[in-house]
Amino acid sequence: MSNPSPISLRCVPVPFVEQASGNVLTLNKPDGSTGLTVEVSSWPFMALGQPTTLHACGQTSAGSPIMLRIADAEPLTQQEFEAGWRRTIAWDDLQDLKHNSQLVFVFQAALNNAGCDCPLLFPPISLKVRVPFEDLTTFSDAEEAPWNGWTKGPAAIDPGDLVVGKDGDIYVLNNRTYTNASAGIILEKNFVNLEAGTRYEFGLQVRRTNTSSSVPSLSLAAGTQTVTEAKDFPAMTWESLEGTFTADSSQCTLAIISHTASGSGNDYAIKRICVRSV
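In terms of our numbering, the sequence shown has 185 at position 69, counting the first letter as 1, and numbering is strictly consecutive.
Written out as C-alpha cells, the structure is:
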C-alpha cells in the first residue's frame, strides 16, 4: 500500500457564476443570449487529464427535485489548465426552476495524480433563483371578455364599448364609447401572485381611432397607487402609457382608467397590456 500524500485544500476555490448578483440568480429568457457560465479558478493539485464533474441541483416550478449533469468526469484540457475551468448552461435548461428556490452548483475533481481515486468535493455555491414576472395580454379574433383575466369596468359596461377588431396585421381592443358615462375604470384585473416589496412595470399601447370631438385620456392605477397621471391621446398613432408601482402584498387590482366621459369621439384602441417585474 502506498503512503498517503498530503494535499493542501486551503486554496480550493469556490465556483463562481458570472450572471449572479450576490447570491441571487435572475433567470434570463432564452432569446439568443449565451447562457449561464460557471467558472472554477485554478486549484493546487490541478493536472492535465484530471476528471472534473459539475452538477446543479434545484427545484422545478412544480416542486420536484432536479439535477443537471453539466460535466461528468470530463478530463481537464490544456486550455482549462492554463486559463481556468468553465462551462456554459443554456438558459433553456433553467426555465422551469421554481421562483425563490435554491440552485446549488457542486464541482468535483478526482485526485488520481495524488494517489487517490476519490473525487474531492469543492465548496458548493448556492444561489437563490429569481424568475422574472411577466403577464402579457394580446388579443385575438372574436375574443370576448375576460381578456387574460382583464374584465370590463363600470365605465365600459355597454355591450358595444369594448370590442376586439383587426388593426393592420394584429388584433386590438377597441373602445367605441357608446355612452356619456365613459369616464372611470374601463378594464381591471386582480393579481394574486405578486411579491410584496417588488417593483413592477405596468404599461400598454394606445391609439386614437377617430378625430371627432373629445380626446381620449387614460391613466393607470395599482390598488390605491397612481401608476401614471392622466395622459391625452390626440393623435392616431400608437403611444405608450406606462409607469411603475411597488407591490405591498401578493394581491393587487390593476386598472386602466378613462378620464373622458363623452361618447362623442373619445374612441381608441389598446394593444399589448404588460405587467412585469423590474
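Backbone N, C-alpha and C define an ideal beta-carbon position, used for all residues, glycine too. Bear in mind the structure is a predicted one, so any value in this text is a computation, not a measurement.
Query, Result
"Look at M352 and T376 and say whether their C-beta atoms are less than 9 angstroms apart.", "no"
"My output table needs one value for L210: the three-state DSSP class, helix, strand or coil.", "helix"
"Could you tell me which of N144, Q218, A136, C234 sits nearest to S242, measuring between CA atoms?", "Q218"
"Helix, strand or coil, according to DSSP, for F161 in the structure here?", "coil"
"For G174 and L213, which I take to be in contact (beta-carbon distance under 8 angstroms), what is that distance rounded to the nearest angstrom?", "5 angstroms"
"Which value, in whole angstroms, describes the spacing of the CA atoms of D383 and T176?", "45 angstroms"
"Apart from the five residues on each side of it in sequence, which residues of its chain come closer than 7 angstroms, Cβ to Cβ, to G151?", "T204, I205, A206, W207"
"C127: buried (16+ other C-beta within 10 angstroms of its C-beta) or exposed?", "exposed"
"Three-state secondary structure (DSSP) at A272?", "helix"
"Hey, would you say Y294 sits closer than 9 angstroms to F249, going by beta carbons?", "no"
"Go ahead and label G231 buried or exposed: buried means 16 or more other beta carbons lie within 10 angstroms of its beta carbon, across all protein chains shown.", "Its pLDDT being 42, under 50, G231 is placed unreliably in this model, and the coordinates cannot settle the point."
"Per DSSP, which residues does N306 bridge with? Please list them.", "T369"
"Between L252 and K268, which are expected to be in contact by the criterion C-beta below 8 angstroms, what is the C-beta distance as a whole number of angstroms?", "Actually they do not touch by this definition, with Cβ atoms about 20 angstroms apart."
"For D274, which residues of its own chain have a beta-carbon under 8 angstroms away from its beta-carbon, when the five flanking residues on both sides are left out?", "Y294, T295"
"Given a cut-off of 9 angstroms, decide if P191 and Q166 are closer than it, judged by their beta-carbon atoms.", "yes"
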